[in-house]
C-alpha cells in the first residue's frame, strides 16, 4: 500500500506518485491549469508560484517524433504473438524531457483507449514504471 505524500498547500489534494494507479489516474484526468493574465490583481503570489511549479508541457518536434515512432511500433507489433518484438529505447542526458515525453505519450494513449472502450472504468491500458 502506498500512502499519499503530504502537501501543505491549502486546497491541494495529497500527491500520489504516477507509479501507482491512483496517481496515474489523477495525472491523466487532471485538466490543465487555465491561463490567466499575469497582471490580474486577484492572482495572489502563492497562486502564481503554484501555477509555475506545475510547468505546463508543450509538445515539441522531438516529442512528436517519439510519438510517431511508438505508434509505428504498436502497429508493427500488434499481431505479433511469438518471437522477437521490436522495441524502443529512449536515452539522453538528465533533464532533457525523457520522462515528460513518455508520460505525455502514456496520457495520450490512455485517453485514446478510454475513448475506444467507453464504460470500462477498470481498464488499465498504461503501465508506468520508474527506472533509475
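Numbering (this note's numbering), first residue to last: 5 to 136.
Quick reminder that beta carbons are idealized off the backbone N, C-alpha and C, glycines included.
Same chain, Cβ closer than 8 Å to residue i, neighbours up to 5 away in sequence not counted
i, result
"residue 37", "55, 58 and 60"
Reference residue i, options the options, closest by Cα
i, options, result
"residue 135", "47, 102, 89 and 45", "102"
"residue 124", "131, 132 and 115", "115"
"residue 107", "51, 47 and 63", "63"
Contacts around residue i, its chain only, beta-carbon distance under 6 Å, and the 5 residues preceding and following it disregarded
i, result
"residue 117", "129"
"residue 105", "67 and 70"
7 Å Cβ shell around residue i - same chain, five flanking residues per side excluded
i, result
"residue 84", "none"
"residue 81", "89 and 90"
"residue 23", "132, 133 and 134"
"residue 121", "127"
"residue 73", "92"
"residue 27", "20 and 21"
*Start-end ranges of the alpha helix (DSSP H) lying completely within the region 47-84, minimum 4 residues*: Within the region 47-84, the complete alpha helix (DSSP H) runs of at least 4 residues are 49-58 and 65-81.
*Does the region 67-83 come close enough to the region 28-44 to have 3 or more Cβ pairs within less than 8 Å?*
Counting Cβ pairs under 8 Å, fewer than three are found: no touch.
*asked:* Within 8 Å, do at least three Cβ pairs link the region 80-91 to the region 105-122?
replied: They do not touch, by the three-pair rule.
*At 4 residues or longer, and completely inside the region 79-122: list those alpha helix (DSSP H) runs for me, N to C.*
You should have 102-120.
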